[in-house]
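So the structure is just underneath, and the comments pick up after that.
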Amino acid sequence: MTTSRQGPSDFRFTAFDFDPAKYDAVMSLLDSVKDRLNDISDLLNVRVVRTLENRMMVMAGYRSKEAMNAATETHRSIFADFAQYMTGEPVVSAGEVVARVN
689 MTTSRQGPSD
699 FRFTAFDFDP
709 AKYDAVMSLL
719 DSVKDRLNDI
729 SDLLNVRVVR
739 TLENRMMVMA
749 GYRSKEAMNA
759 ATETHRSIFA
769 DFAQYMTGEP
779 VVSAGEVVAR
789 VN
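Each number in this note's numbering comes from the position in the sequence shown (counting from 1) with 688 added on.
Written out as structure tokens, the structure reads:
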């Protein structure tokens, strides 16, 4: 394990439930927001995982906590676009990397 400062130092996790019948529409919308994601300063990576038939988890890695906090309004704006497919409120949490395994 290493805790070197390579890669993201802070992550925002967003879990949301959606209507599985609208999965293709969710993925299409995800494709359409990629440029907006790429424009976020110090956002190093985004991973989207389908954890259940009706649930996704988005993990966004930032260079710093300050960068993550600065992107909060953009994050909310992007997820507002997904609201039409959500079946509940998204659950958002964040934290600092404490260990890495490469």
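Even glycine gets a Cβ: it sits at the ideal position worked out from N, Cα and C.
Just so you know, these numbers come straight off a predicted model, no measurement behind them.
>> With a threshold of 8 Å, are at least 3 pairs of Cβ atoms found where one atom belongs to the segment 751–761 and the other to the segment 707–723?
In response: At 8 Å Cβ cutoff, the stretches do not touch.
My output table needs one value for S765: the three-state DSSP class, helix, strand or coil. S765 falls in the helix class under three-state DSSP.
Neighbourhood of M744 by C-beta distance below 8 Å, restricted to the same chain and skipping five residues each side: Listed in chain order, the non-local C-beta contacts of M744 below 8 Å within the same chain comprise A703, F704, F706, V714, V736, V737 and R738, local neighbours out to five positions each way being set aside.
Which one or two residues does DSSP pair with V779 in a beta bridge? Per DSSP, the beta-bridge partners of V779 are A703.
Spatial distance of E784 from R700 (CA atoms): If you take the alpha carbons of E784 and R700, they lie about 9 Å apart.
If the criterion is Cβ atoms closer than 8 Å, does the pair F770 and L732 meet it?
No, these two residues do not count as a Cβ contact at 8 Å.
Notebook entry, point to check: Mind checking V779: buried by the 16 CB within 10 Å criterion, or exposed?
Noted result: Counting of Cβ neighbours within 10 angstroms places V779 among the exposed residues, the total staying below 16.
_The beta strand (DSSP E) enclosing R735, as first and last residue numbers_ = Where R735 is concerned, the enclosing beta strand (DSSP E) stretches over L731 to L740.
How far does the alpha helix (DSSP H) with R743 in it extend, from its first residue to its last? From DSSP, R743 is part of no alpha helix (DSSP H) but of the beta strand (DSSP E) over R743 to Y750.
If you reduce the DSSP assignment to three classes, tell me which class D723 lands in. D723 sits in a helix when the DSSP states are folded into three classes.
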